[in-house]
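2 protein chains.
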Amino acid sequence: MTGNSNKQTRIQGINRSIILDAALEVFSAYGFRGSTIDQIAEKAGMSKPNLLYYFPRKDDIYVTVLEKTLEDWLAPFKDIDPAGDPVEELRKYTIQKLKMSAQQPERSQLFANEILHGAPSIQKFLKSNLKRLVDEKAGVIADWIAAGKLAPVDPYHLIFMIWATTQHYADFDVQVRAILPEETAKADFFDKAADSILTILLNGIMPR
Amino acid sequence: MTGNSNKQTRIQGINRSIILDAALEVFSAYGFRGSTIDQIAEKAGMSKPNLLYYFPRKDDIYVTVLEKTLEDWLAPFKDIDPAGDPVEELRKYTIQKLKMSAQQPERSQLFANEILHGAPSIQKFLKSNLKRLVDEKAGVIADWIAAGKLAPVDPYHLIFMIWATTQHYADFDVQVRAILPEETAKADFFDKAADSILTILLNGIMPR
DNA sequence: GTCTATACTATGATAGAC
DNA sequence: GTCTATCATAGTATAGAC
């Protein structure tokens with residue numbers, strides 16, 4: 000009977016993952032209240048009751064997707080290496096983040112929507128885990144500045160600025176496309192954006 | 000009867016404005032689908048049917064608030080003066096935008112929510128009015144660069160960067176507060192934020 | 001013209017039966 | 001694992017009172 004029970008577990012895992020993929024799409028596009036279980040079920044290719052067999056409540060699906068997304072989303076931030084070259088580390092991080100905005104805007108949008116509406120589901124996470132992580136990386140940046148390897152800027156606001164700028168291309172996607180219709184259609188748009196952003200971030204806009 | 004009709008018109012004007020204020024609060028906090036007419040009516044201190052007497056449909060309230068907000072929101076951008084000193088104009092604009100994020104985060108949040116979910120109500124506005132305006136100001140910046148008054152950066156991405164960064168303090172308010180609990184409590188938080196941002200924007204983070 | 005009370009209807013989350 | 005029923009919510013409509 001082990002073979003049988005294993006198979007069921009595997010189906011469960013597959014179905015849960017299908018549901019979560021569908022939920023990410025729907026929730027990121029319409030927000031929590033704006034999304035319906037019907038929509039998610041349809042996109043997942045299963046009936047609503049069947050979906051509810053895996054996640055009894057709408058909120059369960061949402062929180063699961065959100066937590067899963069946060070992990071991925073913060074991975075490159077965690078990867079900032081105190082031992083690396085400061086400018087290179089921040090350049091790498093910015094490019095990485097921008098690439099994620101290009102390839103998986105839904106993750107950014109899901110997160111943005113949650114924060115925008117007061118972060119009802121992840122308040123605690125922000126105040127504990129995220130704060131701790133940001134404090135740590137801000138410390139790293141402060142050390143770099145103390146060592147003269149970066150200009151003396153506020154580490155926290157620098158982090159906010161990189162977050163804001165890179166996520167803008169995911170969260171405000173439709174606005175960017177409305178303003179730059181031809182450019183955004185090109186394959187190298189995000190490479191060019193990365194160049195432009197890094198030029199400003201590294202050197203500023205004051206004439207030399 | 001002119002006195003009478005004037006008085007009625009005045010009541011209309013007052014009530015409409017009360018409703019729109021309440022609607023801004025509610026819609027910015029919960030998004031379109033997440034907000035209910037009941038919530039708006041309660042915050043406006045009137046019954047739901049009474050509110051519907053002024054705005055027959057939920058969508059009417061939303062669109063009216065959104066359009067009204069956009070006007071205010073873009074005013075300082077329009078004010079960027081081609082004849083002014085480039086660095087000073089952009090500094091002024093950034094500070095102004097940041098001040099608005101501090102004082103009226105709801106406006107930014109309402110707008111962010113609309114864009115985030117695909118801008119269903121203002122697609123046309125983005126592609127026509129906003130695009131035209133941004134093209135114009137990007138031209139101004141390009142001229143400044145050509146005159147050697149600004150470093151050679153991409154005008155569009157510079158504008159996006161200023162928007163993203165300044166609006167971040169409104170849209171991601173709860174996150175900023177979660178990470179900087181003591182600092183955000185202080186009265187001069189936004190002044191310091193402005194300093195930090197402008198230092199990075201003007202000079203970059205490369206060590207000199 | 002302004003406001004209230006009430007009712008209708010669709011939607012969507014959830015529970016229980018098969 | 002699936003289908004149907006329920007129940008609350010919320011948008012909208014109507015009738016009429018002040």
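Read top to bottom, the protein sequences are chains A and B.
For the record, in the first sequence the residue sitting at position 207 is 206 according to numbering that gives the first Met the number 0, with numbers rising by one throughout.
For the record, in the second sequence the residue sitting at position 136 is 135 according to numbering that gives the first Met the number 0, with numbers rising by one throughout.
Each residue gets a CB set at the ideal place from its N, CA and C atoms; glycine is no exception.
Requested in this report: Just the C-alpha distance for V173 (chain A) and A101 (chain A), rounded to the nearest angstrom, thanks.
Outcome: 12 Å
Query raised in the report: Do you know offhand how far I36 (chain B)'s Cα is from Q11 (chain B)'s?
Result: 18 Å
Report task. Can you give me the start and stop residues for the alpha helix (DSSP H) that F189 (chain B) sits inside? Result -> F188 to N202
**Report entry** Under 9 Å by beta carbon: chain A residues contacting L129 (chain B)
**Finding:** Q174, A177 and I178
**Report entry** is_contact[N112 (chain B), chain A] using C-beta, thresh 9 Å
**Finding:** yes
Query raised in the report: Taking Cβ positions only, does A141 (chain A) come closer than 9 Å to chain B?
Result: no
Report task. Report the rounded CA-to-CA distance for W162 (chain A) versus K96 (chain A), giving the unit in angstroms. Result -> 8 Å
Query raised in the report: For the candidate residues B:G203, B:I94 and B:K42, whose alpha-carbon lies nearest to that of V22 (chain B)?
Result: Here residue 22 (chain B) is Ala; the residue named in the question, Val, does not match the sequence. Measuring from the Cα of A22 (chain B), the nearest candidate turns out to be B:K42.
Query - Straight-line Cα distance separating Y61 (chain A) from A40 (chain A) - result: 13 Å
**Report entry** chain A contacts from the stretch 95–123 of chain B (Cβ-Cβ distance under 8 Å)
**Finding:** Q108, A111, N112, I114, L115, H116, G117, A118 and Q122
**Report entry** Per-residue burial, E88 (chain A) [other beta carbons within 10 Å of its own, 16 or more giving buried]
**Finding:** buried
Requested in this report: Could you tell me the distance, in whole angstroms, from the CA atom of L179 (chain B) to the CA atom of R9 (chain B)?
Outcome: 45 Å
Report task. Starting from A150 (chain B), trace the alpha helix (DSSP H) both ways and give me its first and last residue. Result -> Here A150 (chain B) belongs to no alpha helix (DSSP H), and DSSP marks it neither H nor E.
Query raised in the report: So is N202 (chain A) in contact with chain B if we call contact Cβ pairs under 9 Å?
Result: yes
Query raised in the report: Can you tell which of B:D71, B:L50, B:L69 and B:A82 has its C-alpha closest to the C-alpha of K148 (chain B)?
Result: B:A82
Requested in this report: Thinking I199 (chain A) and L197 (chain B) are a contact (beta carbons under 8 Å), I'd like their distance in whole angstroms, please.
Outcome: Not really, about 12 Å apart at Cβ, beyond 8 Å.
Report task. Return the CA-CA distance between M205 (chain B) and P85 (chain A), expressed in angstroms with no decimal places. Result -> 9 Å
Query raised in the report: Whose C-beta lies closer than 6 Å to the C-beta of P154 (chain B) among residues of the same chain, with five residues either side of it excluded?
Result: A137, I140 and A141
Query raised in the report: Where does P81 (chain A) fall in DSSP's three states?
Result: coil
Query raised in the report: Shorter than 9 Å from the beta carbon of R207 (chain B) to some beta carbon of chain A?
Result: yes
Requested in this report: Drop a sphere of 10 angstroms on the beta-carbon of S4 (chain B), count the other beta-carbons inside from all chains shown, and report buried for 16 or more, exposed for fewer.
Outcome: Unreliable positioning characterises S4 (chain B) in this predicted model, as indicated by a pLDDT of 40, which lies under 50. The coordinate reading is nonetheless provided below. S4 (chain B) should be labelled exposed.
Query raised in the report: Where does I94 (chain A) land, buried or exposed, given buried means 16+ other C-beta within 10 angstroms?
Result: buried
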